[in-house]
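Counting with mature numbering (1 follows the signal peptide of the UniProt record, and there is no 0), you get residues -24 to -1, 1 to 279 for the letters of the sequence shown. Yeah, the Cβ is synthetic: ideal placement off N, Cα and C, and Gly gets one too. Predicted model, so just to flag it, every value in this text is computed and none were measured.
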Amino acid sequence: MECKLRTTIVAVVVGASMLLSGCAATLGSKDDIAGQMIVAPVMPDYKLELTLAKLNEILATMELTDEQRARFHYDRGVIYDSVGLRLLGRIDFHQAIKLQPDLADAYNFLGIYYTQEGEFESAYEAFDGVLELSPSYDYAYLNRGIALYYGERYELAVNDMKAFYEQDPSDGYRVLWLYLMASSIDKNSALINLTEQRKQLRNEAWSSVLVDFYMGKVSQEQVFVAAKVGLSQPKEYAERLCEAYFYLAKHAAEKGQYQQAANFYRLTLATNIYDFVEHRYARIELAKMQNMIQQSTELSAKH
């Protein structure tokens, strides 16, 4: 079964739904989609605020066991994370671990934060802890693989991503991330494997469109058209744009189109889909593109 690459497990607390709502729109021509795409950022709705208020009340007034208090701190941390308040989320995850040292989910979040901040050794340690506590926690392989990738330990990253992919070969997102890791070592071999792995994906799945783009079977314009097809809830379009922008940016960067890639990463961030893996790492990628653009500018000035 295909799933979105959220790196969180969103809890439903005291009966309140933790859904977000939002919308997105596109404008522009085929000649300049990267520069013309406009997104209305997703905003949290009142249900999320009510859930947060209720959690604050529970933690402040109720007598709880350490395990219960740890879980409520974790749940509140998830909400903070989902609206981009990483510092507050981090405080809650640390508090949850202090109260319940075997809470694998909290270590997973801390590992993600360490990766975003470039503290890779701490990230590896956190994800190792997740897998020690919960060996079947497959998303720890994804997240540790990403940390290893940004830490430039590409072979280890590929090993983790293979483990993640093998848990569900029918998931196009897993296929994409394995390709991204493997292409850092051998792009031609990675593309051959991508083509073979595509056979196990459902043609109607949105993520299959993204895989097809990397294989050269669909155009950039067709990706954005497909993003509007088969939507099941209001903010799904914004989620798909978040994903599309990120993977189009990675593809542009592969081709040395650093300015276009940077534009797409900015658009990824503009969606405010904070709990998607694509949004989490778009800022790292944007910084890399800005560095490449600066280097290219300096090189051109010398000549």
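- For G53, the enclosing alpha helix (DSSP H) stretches over residues 42 to 58.
- Contact fails between the region 196 to 209 and the region 158 to 172, because fewer than three Cβ pairs, one in each stretch, are under 8 Å apart.
- For I161, there is no enclosing alpha helix (DSSP H), as DSSP marks it with neither H nor E.
- Taking C-beta separations shorter than 7 Å and ignoring five residues to either side along the sequence, the partners of Q76 in its chain run D42, E43, A46, following chain order.
- Taking the Cα positions, L35 is about 45 Å away from A158.
- For K226 and A237, the gap between their C-alpha atoms comes out near 7 Å.
- Comparing alpha carbon positions, the residue from G94, R62, I73, V59 closest to F48 is I73.
- The C-beta of E215 has 16 or more other C-beta atoms within 10 Å across all chains shown, which makes the residue buried.
- CA-CA distance, V194 to Y241, rounds to 21 Å.
- Of the other Cβ atoms in all chains shown, 16 or more fall within 10 Å of the Cβ of S183; this residue is therefore buried.
- If you look at R178, you'll find it isn't in any alpha helix (DSSP H); DSSP assigns it neither H nor E.
- The DSSP assignment places 130 to 142 as complete runs of the alpha helix (DSSP H) inside the region 124 to 155, in order along the chain (cut-off: 4 residues).
- Taking 8 Å as the cut-off, the beta carbon of F96 is found no closer than this to the beta carbon of A116.
- Excluding its 5 nearest sequence neighbours in each direction, R259 has C-beta neighbours in its own chain below 8 Å: Q92, Y241, L245, listed in chain order.
- The Cβ neighbour count for I55, taken over all protein chains shown within 10 Å, is at least 16; the residue is labelled buried.
- Pairing Y213 with I269 gives a Cβ-Cβ distance that is not under 8 Å.
- Each residue's CA atom was taken as its position, placing F140 and A29 some 36 Å apart.
- Distance from the CA of L109 to the CA of N84, rounded to the nearest whole angstrom, comes to 11 Å.
- Here the alpha carbon of T27 sits roughly 45 Å from the alpha carbon of K231.
- For N239, the closest of Y250, E131, F252, K264 by C-alpha to C-alpha distance is K264.
- By the beta-carbon neighbour count (other beta carbons within 10 angstroms, threshold 16), T247 is buried.
- An exposed status is given to Y22, since fewer than 16 other beta-carbon atoms sit within 10 Å of its beta-carbon.
- Leaving aside the five residues that flank K138 on each side, the residues in its chain whose CB is nearer than 7 Å to its CB run, in chain order, L154.
- With fewer than 16 other Cβ atoms inside 10 Å of its own Cβ, I161 counts as exposed.
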